[in-house]
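Trainee:
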Amino acid sequence: MSILIMNALVNGILLGGVLALLAFGMNLIFGVVKVIHMAYGQSVMLGMYAVYTLSGIYNLPLLVSAAAAIVIMAVFGALLQVVVIQRLLQANRLNQLLALAGLIIVFENFAQVVWGADLRGIQVFMPVLSVGNVFIKTSNLVAFVGALVVLGLLHFFLQRTYLGLAIRAIAQDLPGAWLMGISPRTIYLVTLAVGGGLTGVIAAFFSPIYSVHPHFGGSFTMMAFIIVVLGGMGNLLGGFIGAFIIGIVTSLAAVLTSTEIAEIIALVIFIGVVLVRPQGLLGVKQHR
Amino acid sequence: MKRAVIVLIFGLIAVFPALGPSSYVLHIATLIFIWAFIATAWSYMGRFGLVSLGHGAFLGLGAYTAGLLFNSLGLTPWLGMILGALIAVGLAVIIGFACFRFGVIGDYFALLTLALGEIVTLLLVAFREYTGGSLGFTLKRVEPSLLYMRFDDKVHFYYLALAFLGAALVLWKLIDRSKMQKALRAIGEDEVAASTLGIPIVRYKLYITMVSAFVTAIGGVLYAQYVTYLNPHTLAGVAPSLDIAFKAILGGMFHLWGPSIGTALIVVLEEYIRVAYGTRFVGISQIAYGVALVVLIMFLPKGIYGSLEAYFRKLRRRS
Amino acid sequence: MLEVENISVYYGEFQALFGLSMSVGEQETVITVGPNGAGKSTLLKAISGLRPAKAGRIIFLGQAIDRLQPHRIVDLGLVYVRESGQVFPQLSVLENLKIGSYLRRSRPGFKRALEEVYGLFPRLKERRDQVADTLSGGERQMLAIARSLMSQPKMILLDEPSGGLAPLIVTLLFEFVAQIKAQGYSILMVEQNVKKALKLCDRAYLLESGRVRLEGDRESFSQEEYIRQAYLGI
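Chains as they are written, first to last, in this note's numbering: chain F, 419 to 706; chain S, -16 to 302; chain U, 21 to 254.
(1) Rounded to whole angstroms, what is the Cα-Cα separation between F:His705 and S:Ile78?
(2) What does a CB cutoff of less than 7 Å around U:Leu117 pick up in its chain, not counting 5 residues either side in sequence?
(3) Which full runs of the beta strand (DSSP E) of 3+ residues lie inside the stretch 117 to 184 of chain U, going along the chain?
(4) What residue range does the alpha helix (DSSP H) around F:Thr677 cover?
(5) For S:Leu129, count neighbouring Cβ atoms within 10 angstroms of its own Cβ and tell me buried if that reaches 16, exposed if not.
(6) Going by Cα to Cα distance, which pick from U:Gly230, U:Val232, U:Tyr225 is closest to U:Arg238?
(7) Relative to the C-alpha of F:Gly370, which candidate in F:Phe624, F:Leu699, F:Pro696, F:Met651 has its C-alpha closest?
(8) Hey, does S:Ile280 have any beta-carbon neighbour from chain F nearer than 8 Å?
(9) Which residues mark the beginning and the end of the beta strand (DSSP E) in which U:Val50 is found?
(10) Would you say F:Arg586 lies against chain U (beta-carbon separation less than 8 Å)?
(11) Determine which residues share a DSSP beta bridge with U:Ile78 and list them.
(12) I need the boundaries of the beta strand (DSSP E) containing U:Val44, first residue and last residue.
(13) Cβ of F:Phe688 less than 8 Å from any chain S Cβ?
(14) Figure out for me which residue from F:Ile503, F:Leu481, F:Val646 has the closest Cα to the Cα of F:Ala661.
(15) Taking S:Phe31 as part of the beta strand (DSSP E), name the residues at either end of that continuous run.
(16) Under 8 Å, CB to CB, which of the residues in the stretch 670 to 699 of chain F have a partner in chain S?
(17) If you follow the beta strand (DSSP E) that U:Gly236 is in, where does it begin and where does it stop?
(18) Which residue's Cα is closest to the Cα of F:Ile585: F:Leu571, F:Ser601, F:Tyr467?
(19) For the beta strand (DSSP E) that contains F:Ile554, what are its first and last residues?
(20) Any beta carbon of chain F sitting closer than 8 Å to that of S:Asp136?
(21) For U:Leu185, which of U:Ile207, U:Ala198, U:Leu177, U:Glu159 has the nearest alpha-carbon?
(22) Quick check on S:Phe237 - is its C-beta less than 8 Å from some C-beta in chain F?
(23) Got a sec: which bits of the stretch 518 to 548 of chain F sit with their beta carbon under 7 Å from any beta carbon on chain S, in order along the chain?
(24) For a cutoff of 8 Å on Cβ pairs, would you count S:Gln208 as touching chain F?
(25) Given a cut-off of 8 Å, decide if S:Val250 and S:Ile15 are closer than it, judged by their beta-carbon atoms.
(26) Can you tell me whether F:Tyr606 is buried or exposed, with buried defined as 16 or more other CB within 10 angstroms of its CB?
(27) Which chain F residues are close to U:Asp95, counting only those with a beta carbon under 7 Å from its beta carbon?
(28) Would you decide whether S:Val311 is buried or exposed? Buried here means 16 or more other CB atoms lie within 10 Å of its CB.
(29) When the Cα atoms are used, what is the spatial distance from F:Glu681 to S:Ile158?
(30) Could you name the residues of the stretch 102 to 114 of chain U whose beta carbon sits closer than 9 Å to any beta carbon of chain F, in the order they occur along the chain?
(31) Among F:Glu526, F:Asn527, F:Ala519, F:Phe525, whose alpha-carbon lies nearest the alpha-carbon of S:Asp90?
(32) Once DSSP output is grouped into helix, strand and coil, what is the label at U:Ser206?
(33) Which partner residues does F:Thr639 have in the DSSP bridge list?
(34) List the residues of chain F whose Cβ lies closer than 9 Å to the Cβ of U:Tyr122, in chain order.
(35) Let me check one thing: in DSSP terms, what residues is S:Leu213 bridge-paired to?
(36) Counting C-beta neighbours from all protein chains within 10 Å, is the total for S:Arg186 16 or more, i.e. buried, or is it exposed?
The following block contains the structure:
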């Protein structure tokens, strides 16, 4: 029994790494552009289809496909900003939510039309390591380490570059940044491109682990919300912590009960946070 | 003048079947009535700023309660719908009280209801020995009768659904005339001010939520009875929940006719695209539908009815 | 250097400025005084592009800027320091100053500008790694002004820099402004503290209800009966 728990714990932590990337993307977009990207998980799904198409159908090497997918999704993110999000900035929050939720329908059905409703997976062999009684899939380990590396790079980008500084400035005080010569539109574009590229990165890590189908994004979008609200909307560190909490909790719950119950537990946590402490773990209390 | 037009429209709709339309057209009309019923019920809450993205929870609870009771005990759906609606109200009370007591409003409320809808869906799937899980279940065969809400001729359900829709619209009007409406309007405009005036915020919000849940659950039963098949993803999931909200908002959730108009337009749009692009490309119709939704929300935030009304008001002011 | 010609600015339906005209010359320090709600801040917001004028023209260094977005106006050398020392709360003092040099044209001169700014405001150098919202009100105001200098502007718009500050700090602040003026920057300053502001300025405008009520150079302005009674308490 405890072996099962150990395995669940380890895998939960590994999963947490990638979820942290998901949370980072959403928090970045929310913190800077101030919109909740309702279709973020679905973007990951599209990224996975990109990897599948490039490596599974055109038979490009996996690394090339992954790199290409990241670029494709970054461009996609930028396009999303220009075509949809920029126009939503004047609208009230509810309309923003709904319009982006409408994108969920567009993305999922687009996937269904192009690739069909069946599962699509890439065939790649990645061995399973065993450390004592714990079995670790290298695909999960690579995803975890990769996620941490990417997070490190992103942290460096935000803290040490002028562009990263500008992004943080816009997030904290838009008019102030504008008055310092920073163009909000440019920053939004970069933010959405980075957010998009991140979905490509997540997709690349997920591709050896999961098969994709048109509704794949659904539970990840929900998971992303839960993590982001738990950690504090817009708070990057909070998202990081929240990702691991949710990763571990859902992993353990899935093993001890069932996947559905695990999801329900995560959702109940979400509801609890919204009711009792809506600013999450690290967020700042907003005056409603 | 307005009343005459309304009577005329209802009259036309009432005699419409006598003109001999195909059963396909009757089918579409019935679907419109049922979903308009549900969208109107959603708008009972929506119009006062309580936007829920999880109304599928009520649909599912209502439909599954009535459907399961029918399949196992042969209970008539008329009773089943009351029971289902009561369960939905129970859920509404729990979650509503929690939210309103803790002051959860706006988009946090919307996200919370989204989570709630997901939870109900997951529960329905998890108890698969009873519910059939993700594959859903079919209502047992039975002889056509009013008691069991089954008919051999599409016309009957057409009138049944129309009657229910009429009842929902009447209920809207009743709510409009009640004290509750004024209180909720005040709350919607400025909650803090309203509470200093002594308006019991939590209580009124709870009432309207209960009403909305009750009627929505009945709508769920109606739908299940019509298609005789229940599936957690088409009834309780994120998709139907968003769908209801879209229909109501696009039509204009602040007006009596808004949700009905929005539903009619969306259902017709969906059907048209489906027919035009053929069932070969099932997804394309949905893509077009999704794109149309996004575009409409971006450019018509007041909804179609609301925008038209505002436009005509502007014209009248100029003259 | 700066010509404001007949601008009208609205907040929705409400009109705040009515065909207002004024100007600032090279290396001039001009102050704008007047009661609350007179439109002084609105004027600066219009010039900086935050709240564009619906009518009229604004010309800076020969270029029309009334249709330009704020970040382009800064690029031309016109920087706006908002009231209450608003800075980036979660960035350090140094990071705030770095943002000041964000513009392409300012980046090469960053190190030199930083040294100059530290020279003017040694306190900021001491606190350079401190997070901005832990600074005192006076320090934040210094930071806000210092940040604007980092962009190597030609003209600075100051919005009530002494607002909410203790009298001792206010004196310090006006000394800074005097030093900045001495370095050759053109300044347009909105101020409540008319006495101190008048001492610094070359010319002054009195704004009331969105219109220019009085204008003149320092001498004649201080002699005006109305100013002496209402604002100088004489």
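Virtual Cβ for every residue (Gly too), placed ideally from N, Cα, C.
Mentor: Quick look at the numbers:
(1) As a first step, residue 705 of chain F must be located in the first sequence, where it is residue number 287. As a first step, residue 78 of chain S must be located in the second sequence, where it is residue number 95. Confidence at F:His705 is low in this model, with a pLDDT of 48, below 50, so the placement of that residue should be treated as unreliable; the coordinate-derived value is given next. Looking at the two C-alpha atoms, the distance is approximately 22 Å.
(2) On the third sequence, position 97 is the one that residue 117 of chain U refers to. Cβ neighbours of U:Leu117 beyond the five flanking positions: Leu134, Val137, Ala166, Arg167, Met170.
(3) 175 to 179
(4) Against the first sequence, residue 677 of chain F aligns to sequence position 259. It spans 677 to 694 - the alpha helix (DSSP H) in which F:Thr677 sits, taken as one unbroken run.
(5) Residue mapping note: residue 129 of chain S aligns to position 146 of the second sequence, counting from 1. With fewer than 16 other Cβ atoms within 10 Å, it is exposed.
(6) Translated into the one-based positions of the third sequence, residue 238 of chain U becomes position 218. Of U:Gly230, U:Val232, U:Tyr225, the residue nearest in Cα terms is U:Tyr225.
(7) In the structure as shown, chain F starts at 419 and stops at 706, and residue 370 of chain F therefore has no counterpart that could be examined.
(8) As a working mapping, residue 280 of chain S is identified with position 297 in the second sequence. So yes, S:Ile280 belongs to the interface.
(9) Position 30 of the third sequence, counted from the first residue, corresponds to residue 50 of chain U. Per DSSP, U:Val50 belongs to the beta strand (DSSP E) from 49 to 53.
(10) Here the question's residue 586 of chain F lines up with position 168 in the first sequence. F:Arg586 counts as touching chain U.
(11) Counted from its first residue, the third sequence places residue 78 of chain U at position 58. For U:Ile78, which the question treats as bridged, DSSP gives the partners U:Val24.
(12) Numbered from its first residue, the third sequence carries residue 44 of chain U at position 24. U:Val44 -> beta strand (DSSP E) spans 34 to 44.
(13) For the purposes of this step, residue 688 of chain F is taken as residue 270 along the first sequence, with counting starting at 1. Taking Cβ atoms only, chain S reaches closer than 8 Å to F:Phe688, which makes this a yes.
(14) The residue you call residue 661 of chain F lines up with position 243 of the first sequence. The option with the nearest alpha carbon to F:Ala661 is F:Val646.
(15) Against the second sequence, residue 31 of chain S aligns to sequence position 48. No beta strand (DSSP E) contains S:Phe31, which DSSP labels as neither H nor E.
(16) Ser676, Glu678, Ile679, Glu681, Ile682, Leu685, Val686, Phe688, Ile689, Val692, Leu693, Val694, Pro696
(17) Along the third sequence, one-based indexing puts residue 236 of chain U at 216. From DSSP, the beta strand (DSSP E) with U:Gly236 extends over 231 to 237.
(18) Within the first sequence, the letter at position 167 stands for residue 585 of chain F. Nearest option by C-alpha distance: F:Ser601.
(19) Numbered from its first residue, the first sequence carries residue 554 of chain F at position 136. Here the beta strand (DSSP E) through F:Ile554 covers 552 to 555.
(20) The sequence position of residue 136 of chain S within the second sequence is 153, counting from 1. No, because no Cβ of chain F sits closer than 8 Å to the Cβ of S:Asp136.
(21) As a working note, residue 185 of chain U is residue 165 in the third sequence. Of the candidates U:Ile207, U:Ala198, U:Leu177, U:Glu159, the one whose C-alpha sits nearest the C-alpha of U:Leu185 is U:Glu159.
(22) Position 254 of the second sequence, counted from the start, is the residue given in the question as residue 237 of chain S. Not an interface residue.
(23) Ala519, Gly520, Leu521, Ile523, Val524, Asn527, Phe528, Gln530, Val531
(24) As a position in the second sequence, residue 208 of chain S is number 225, starting the count at 1. It does not; no Cβ of chain F falls within 8 Å.
(25) Position 32 of the second sequence, counting from 1, holds the residue named residue 15 of chain S. Position 267 of the second sequence, counting from 1, holds the residue named residue 250 of chain S. For S:Ile15 and S:Val250, yes; Cβs fall inside 8 Å.
(26) Position 188 of the first sequence, counted from the start, is the residue given in the question as residue 606 of chain F. With 16 or more other Cβ atoms within 10 Å, it is buried.
(27) In the third sequence, the residue the question calls residue 95 of chain U occupies position 75. Near U:Asp95 (Cβ distances below 7 Å), the residues of chain F are Gly599.
(28) In the structure as shown, chain S begins at -16 and stops at 302. Residue 311 of chain S is therefore absent and cannot be evaluated.
(29) Translated into the one-based positions of the first sequence, residue 681 of chain F becomes position 263. Translated into the one-based positions of the second sequence, residue 158 of chain S becomes position 175. If I take the Cα positions, the gap works out to 38 Å.
(30) Arg102, Gln106, Val107, Phe108, Pro109, Gln110, Leu111
(31) Taking the second sequence and counting its residues from 1, one reaches residue 90 of chain S at position 107. With distances taken between Cα atoms, S:Asp90 lies closest to F:Ala519.
(32) Position 186 of the third sequence, counting from 1, holds the residue named residue 206 of chain U. Here U:Ser206 sits in strand by DSSP.
(33) Translated into positions along the first sequence, residue 639 of chain F becomes position 221. Partner(s): none; F:Thr639 has no beta bridge.
(34) As a first step, residue 122 of chain U must be located in the third sequence, where it is residue number 102. By Cβ distance, chain F contributes Tyr580, Leu583, Ala584, Ala587, Ala595, Met598, Gly599, Ile600.
(35) In the second sequence, residue 213 of chain S corresponds to position 230, counting from 1. According to DSSP, S:Leu213 bridges with S:Phe120.
(36) In the second sequence, residue 186 of chain S corresponds to position 203, counting from 1. That one is exposed.
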